[in-house]
Amino acid sequence: MTLINQNKRNPCLPRRSTGPLRRGLTALGLALTAALAGCGDAPADPTAATPRPRPTVVATTTVLHDVTRQVAGQDAKVVGLMRVGEDPHVYEVRPQDAKTLAGADLVLANGLHLEATLGRVIDQVAPHTHVELAETAGIEPLGSDTYAGAPDPHIWMDPLLFTRVVTQIGESLASADPVHAQAYRDRATEYNARLTTLHDEITAAFAAIPAGQRVIITSHDAFNYYAKAYGLTVHGVVGISTDAQPTGQQVEALRSLVRDQGVRALFVETSTSPTLNNIVEKVAAEAGIAIGGTLYSDSLGDRGTPGGTYLKMLRHNTAVIVAALTAGESGVVERAE
Ligand SMILES: [Zn+2]
127 MTLINQNKRN PCLPRRSTGP LRRGLTALGL ALTAALAGCG DAPADPTAAT PRPRPTVVAT
187 TTVLHDVTRQ VAGQDAKVVG LMRVGEDPHV YEVRPQDAKT LAGADLVLAN GLHLEATLGR
247 VIDQVAPHTH VELAETAGIE PLGSDTYAGA PDPHIWMDPL LFTRVVTQIG ESLASADPVH
307 AQAYRDRATE YNARLTTLHD EITAAFAAIP AGQRVIITSH DAFNYYAKAY GLTVHGVVGI
367 STDAQPTGQQ VEALRSLVRD QGVRALFVET STSPTLNNIV EKVAAEAGIA IGGTLYSDSL
427 GDRGTPGGTY LKMLRHNTAV IVAALTAGES GVVERAE
């Protein structure tokens with residue numbers, strides 16, 4: 127009875143034994159008990175501080191939410207602000223967002239003015255804890271043809287370029303939670319290896335399509351980094367932000383691409399306004415061609431869908447674009463040869 131009570135009080139205390147068999151069983155039991163209780167050679171210190179709670183990290187977009195979760199592992203709690211399908215350019219700040227941002231140990235934003243409205247709230251309530259990833263990682267942004275001088279924020283479309291953002295996410299987490307710094311850096315390196323492999327896969331997927339045929343039309347200009355990385359020409363109904371209405375001239379320019387230049391790969395996007403998607407559908411219908419498919423641009427899809435993660439989203443987009451560019455085109459390729 128005494129022994130049981132003693133071990134209830136502290137499972138790391140040694141038991142008394144009375145014979146060789148008992149000693150052997152007791153030693154085994156003690157080792158198991160100690161292992162289960164987390165006891166090492168030193169006795170447990172009842173005055174030891176309780177473990178620090180995990181840091182809370184807020185990521186603005188669905189892409190950053192997914193990637194940050196991969197890098198954070200179990201060492202940090204990652205909260206995403208934007209929901210699946212939401213358009214970051216015109217995101218309407220929710221009442222609880224300011225509180226969520228103010229309570230975070232670290233706020234990770236894409237930067238390059240992607241978080242237009244939300245960015246102002248972040249500056250106000252998390253002035254010392256937020257990181258603009260693109261700027262901090264030193265990424266040289268592409269400019270926009272539509273808005274002279276405005277940086278193009280869609281850097282996640284180039285997975286190789288985005289490895290620098292992933293590295294920065296690891297560094298930002300390491301600064302916010304130095305105890306787990308190495309684990310964050312290791313996971314960032316591991317994830318970047320997957321991005322590099324994906325980049326090679328996408329490059330290979332386009333290899334058989336002549337560069338001159340890699341021309342696509344999308345709802346908005348989200349694919350410039352993707353186009354640059356994989357040798358495509360991309361035309362959007364409007365510029366790099368969806369916060370604009372297309373002019374008649376822009377729509378006519380798209381018609382001309384389809385009518386006069388034979389562009390046959392037109393796509394709608396999941397996170398863009400129906401107005402822009404409708405224009406793409408109308409231009410395609412006028413020319414009697416089918417939409418090539420739906421692309422994930424500024425938001426992931428729901429979990430379990432083809433756009434459920436950043437890696438899956440890029441794979442899906444590539445498969446859809448390659449299929450549209452090669453559909454019924456084998457004759458053209460043969461004639462070109
Ligand atoms: Zn966009």
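Note that my numbering has the sequence shown beginning at 127, numbered continuously upward.
The C-beta atom is built at its ideal place from N, Cα and C for all residues, glycine as well.
As the structure is a computational prediction, the values presented were derived from the model and not from experiment.
Any idea what DSSP makes of residue i, helix, strand or coil?
i      : result
Ala235 : strand
Ile265 : coil
Gly206 : strand
Pro336 : coil
Glu378 : helix
Val363 : strand
Ser345 : strand
Thr186 : coil
Ala163 : Interpretation of Ala163 is limited by its pLDDT of 40, a score under 50 that renders its predicted location unreliable; the figure taken from the coordinates is listed afterwards. Helix.
Gly419 : strand
Ala389 : Here residue 389 turns out to be Val, not Ala, going by the sequence shown. DSSP places Val389 in coil when its eight states are reduced to three.
Pro253 : coil
Leu129 : Here the model assigns Leu129 a pLDDT of 34, short of 50, so the residue's position is not dependable, and the following value carries that caveat. Looking at Leu129 - three-state DSSP - the assignment turns out to be helix.
Pro277 : strand
Glu395 : strand
Ala230 : coil
Leu324 : helix
Asp369 : coil
Gly199 : coil
Gly155 : Note that Gly155 scores 39 on pLDDT, short of 50, meaning its location in the model is unreliable and no value can be drawn from it.
Arg178 : coil
Thr464 : Residue 464 is absent from the structure shown; the chain starts at 127 and stops at 463.
Gly465 : With the chain represented from 127 up to 463, any question about residue 465 goes unanswered, as that position is not in the structure.
Glu212 : coil
Pro169 : Only weak support is given to the placement of Pro169: the predicted model assigns it a pLDDT of 49, under 50, and the question is left unresolved by the model.
Nearest CA to the CA of residue i: which residue from the options?
i      : options                           : result
Gln294 : Ala276, Thr322, Ile265 and Pro277 : Ile265
Pro267 : Tyr351, Ile417, Arg178 and Thr194 : Tyr351
Gly206 : Gly199, Ala235 and Val216         : Ala235
Leu451 : Tyr422, Phe393, Asn404 and Leu426 : Phe393
Leu259 : Ala276, Arg441 and Leu232         : Leu232
Leu321 : His306, Met283 and Ala307         : Met283
Arg225 : Ala445, Gln250, Asn404 and Ser423 : Note that residue 225 is Lys in the sequence shown, not Arg. Nearest option by C-alpha distance: Gln250.
Glu395 : Leu227, Val389, Ala263 and Ala348 : Ala348
Gly365 : Glu407, Pro277 and Ala202         : Pro277
Arg390 : Leu440, Val409, Ala228 and Pro400 : Val409
Arg209 : Gln196, Asp201, Asp192 and Gln200 : Asp192
Asn404 : Gly229, Gly362, Gly388 and Arg246 : Gly362
Arg340 : Gly357, Asp326, Ala202 and Gly414 : Gly357
Val189 : Arg311, Phe288, Thr315 and Thr329 : Phe288
Val521 : Thr398, His325 and Arg290         : The structure shown does not extend to residue 521, since the chain is modelled only from 127 to 463, so the question has no answer here.
Leu244 : Arg313, Pro400, Asn318 and Glu218 : Glu218
Tyr317 : Gly199, Ala449 and Thr176         : Gly199
Gly296 : Ala314, Gly430, Gln196 and Asn443 : Ala314
Ile328 : Ala449, Gly237 and Gly388         : Ala449
Leu383 : Thr359, Val197, Pro372 and Asp369 : Thr359
With respect to the beta strand (DSSP E) encompassing residue i, which residues constitute its N-terminal and C-terminal limits?
i      : result
His442 : Element bounds for His442: not the beta strand (DSSP E) but the alpha helix (DSSP H), Tyr436 to Thr452.
Val257 : His256 to Glu258
Taking residue i as part of the alpha helix (DSSP H), name the residues at either end of that continuous run.
i      : result
Arg220 : Element bounds for Arg220: n/a, residue is neither H nor E.
Gln294 : Pro285 to Ala302
Lys401 : The amino acid occupying residue 401 in the given sequence is Thr; Lys does not appear at that position. Run containing Thr401: Pro400 to Glu412, per the alpha helix (DSSP H) assignment.
Ala353 : Asn350 to Tyr356
Rounded to whole angstroms, how far is the Cβ of residue i from the Cβ of residue j, which I believe are closer than 8 Å?
i      : j      : result
Glu261 : Ser425 : Contact flag wrong, Cβ pair sits at about 22 Å.
Pro181 : Ala302 : 5 Å
Leu402 : Ser345 : 4 Å
Leu286 : Ala331 : The pair is not a contact, with the Cβ atoms about 15 Å apart (cut-off 8 Å).
Ile342 : Ile447 : 6 Å
Ala230 : Val292 : 19 Å between Cβ atoms; not a contact.
Gly419 : Gly427 : Not quite, the Cβ-Cβ distance comes to about 13 Å (not below 8 Å), so this is no contact.
Glu241 : Pro221 : With 8 Å as the limit, Glu241 and Pro221 do not qualify as a contact, their Cβ atoms being about 17 Å apart.
Arg381 : Glu412 : 7 Å
Ile248 : His254 : So it is not a contact: roughly 11 Å between Cβ atoms.
Phe319 : Tyr310 : Strictly speaking, residue 319 in this sequence is Ala, with Phe absent from that position. Not really, about 15 Å apart at Cβ, beyond 8 Å.
Asp201 : His306 : 4 Å
Ala263 : Ala228 : Not confirmed; about 25 Å, so no contact.
When you get a sec, list the residues whose CB is within less than 5 Å of any heavy atom of ligand 1, chain order please. Ala348 and Asp424
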